[in-house]
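Trainee: Going by our numbering, the final residue of the sequence shown carries number 1005, and the count climbs one at a time with no gaps.
Quick one: the structure is below, and I'll ask about it shortly.
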Amino acid sequence: MPKHALYGDTNIRLVGPFEVLHEPKKFKPDDDLTGFYRYFHDPPEVVTVLAADGENPFHVGYFRDNHADQPAFLVSSNPSETGKLTISSENIFTTVLNLLKHPKTKGGSIPIILPKLSEFAKNRRICIDSKVSVKRKCTCETLNGVGVKINLQNGIGYRPVPTTHKELVTILQTLTDTTNANTSKLDELMTLVQFANDEGDFGEGLELGLDLLAFHPAAASTSETFEKANRLNRRITCLLSTGREDCERLSRILYFHKAPIQDNQTLRFVLLESP
């Protein structure tokens, strides 16, 4: 099956949009695919296209700042280990070729598909040089490592969150370590976001919301990490929904992404099972 083309060499499957393309009759036009391969820590801008097999939550997705934009680049993440997103490449061919160059077993032979895919990309003038870095201009940096772009209008639209990432991580770790922690420091930041929103600077709430979403609490186990992180869900939903008032589709993705995780079910990685 085409969607399993990479599995034998990488233990990774083509998922998400590729599954829809592979079995179009399985999906109806009115099917809600909002939760299709959504992973913990992933912002709404990410659409997963490659996923590791089994219980390994490693995945790769296209990233776009606005739902109406073409995907800008691909990012990879392993939410059981970190909330960071690693920028992979500008196109899926480079990402797949890099995965194929690292066989799933040490000393493994070079996959047969590798030269074929390289030739395919070359014939179509698709850049597959892994040394070419993604050029991204951000309005501000975020904890997930990707940053965020804000469309400013005459200088209005963004003001920075008044704390460093290091300070914020300390605040969030303290807050999530216990269910009755003092929330005054985070509440103060939330209040400042409300002031910023009232004055048209929605970017501050977007920045803080993405930081909270990327926060990966220190804990004794993966399940405990997710349990702690879930204590921030309501704040995340509030911040990102407000910061995305011009992008209702991404807000909808966020709502369906976080809602199932709020009830204390097994937080199994984060993957909301596909239909």
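Beta carbons are placed, not taken as given, at the ideal position from N, Cα and C, and that holds for glycine.
Small disclaimer: the values here were computed from a predicted structure and weren't measured.
Which whole-angstrom value is the C-beta distance of Y767 and V745, which I expect to be below 8 angstroms?
Mentor: Start at 1 with the first residue of the sequence shown, and residue 767 comes out as number 37. Start at 1 with the first residue of the sequence shown, and residue 745 comes out as number 15. Right, the Cβ-Cβ distance comes to about 5 angstroms (below 8 angstroms), so this counts as a contact.
Trainee: Applying the 10 Å Cβ sphere with the 16-neighbour rule, what's the burial state of P892?
Mentor: For the purposes of this step, residue 892 is taken as residue 162 along the sequence shown, with counting starting at 1. Label assigned to P892: exposed.
Trainee: From the DSSP output, in three-state form, read off C870 for me.
Mentor: If you number the sequence shown from 1, residue 870 lands on position 140. Strand.
Trainee: List in chain order: all unbroken beta strand (DSSP E) runs of 3+ residues lying wholly within the segment 757 to 839.
Mentor: Listed in chain order, they are 776 to 782, 789 to 793, 803 to 807 and 816 to 819.
Trainee: Which residues bound the beta strand (DSSP E) around L744?
Mentor: For the purposes of this step, residue 744 is identified with residue 14 of the sequence shown, where counting begins at 1. I742 to L744 is the extent of the beta strand (DSSP E) around L744.
Trainee: Give me the Cα-Cα distance between K865 and N910, rounded to the nearest whole angstrom.
Mentor: For this step, residue 865 is matched to residue 135 along the sequence shown. For this step, residue 910 is matched to residue 180 along the sequence shown. The alpha-carbon atoms of K865 and N910 are separated by roughly 43 angstroms.
Trainee: With DSSP as the reference, identify every bridge partner of I886, one or two as the case may be.
Mentor: For the purposes of this step, residue 886 is identified with residue 156 of the sequence shown, where counting begins at 1. Paired residue(s): Q883.
Trainee: Look up V899 in the DSSP assignment and say whether it is helix, strand or coil.
Mentor: Stepping through the sequence shown from its first residue, residue 899 is reached at position 169. In the structure shown, V899 sits in a helix (DSSP, three-state: H, G or I).
Trainee: Consult DSSP for V923 and reduce its assignment to one of helix, strand or coil.
Mentor: Position 193 of the sequence shown holds residue 923. Helix at V923.
Trainee: Using DSSP bridges, identify the partner residues of V878.
Mentor: Stepping through the sequence shown from its first residue, residue 878 is reached at position 148. Looking at the DSSP assignment, V878 forms a beta bridge with C870.
Trainee: Going by other Cβ atoms of all chains shown within 10 Å of its Cβ, with 16 needed for buried, is R1013 buried or exposed?
Mentor: Within the shown structure, residues of the chain are numbered from 731 to 1005, placing residue 1013 beyond reach of any answer.
Trainee: Measure from the alpha carbon of P890 to the alpha carbon of each residue in K867, L936, D859 and T906, then state which is nearest.
Mentor: On the sequence shown, position 160 is the one that residue 890 refers to. Nearest C-alpha to P890: L936.
Trainee: From S914 to L898, what does the alpha carbon distance come to, in whole angstroms?
Mentor: Reading the sequence shown from its first residue, position 184 is the one you call residue 914. Reading the sequence shown from its first residue, position 168 is the one you call residue 898. Rounded to whole angstroms, S914 to L898 spans 13 angstroms at the Cα level.
Trainee: A706 to S807, Cα distance in whole Å?
Mentor: This structure gives no information on residue 706, because the portion of the chain shown stretches from 731 to 1005.
Trainee: Run the CB neighbour count on N881, radius 10 Å, all protein chains shown included, and call it buried at 16 or more, exposed below.
Mentor: Within the sequence shown, numbered from 1, the residue matching residue 881 stands at position 151. Result: exposed.
Trainee: So I843 is in the alpha helix (DSSP H); what residue range does that whole segment cover?
Mentor: Translated into positions along the sequence shown, residue 843 becomes position 113. From DSSP, the alpha helix (DSSP H) with I843 extends over I843 to N853.
Trainee: I'd like the list of long-range same chain contacts for T872, defined as Cβ closer than 7 angstroms, with 5 residues on each side in sequence excluded.
Mentor: Mapped onto the sequence shown, residue 872 falls at position 142. These residues qualify, in order along the chain: V878, E937, L940, D941 and A944.
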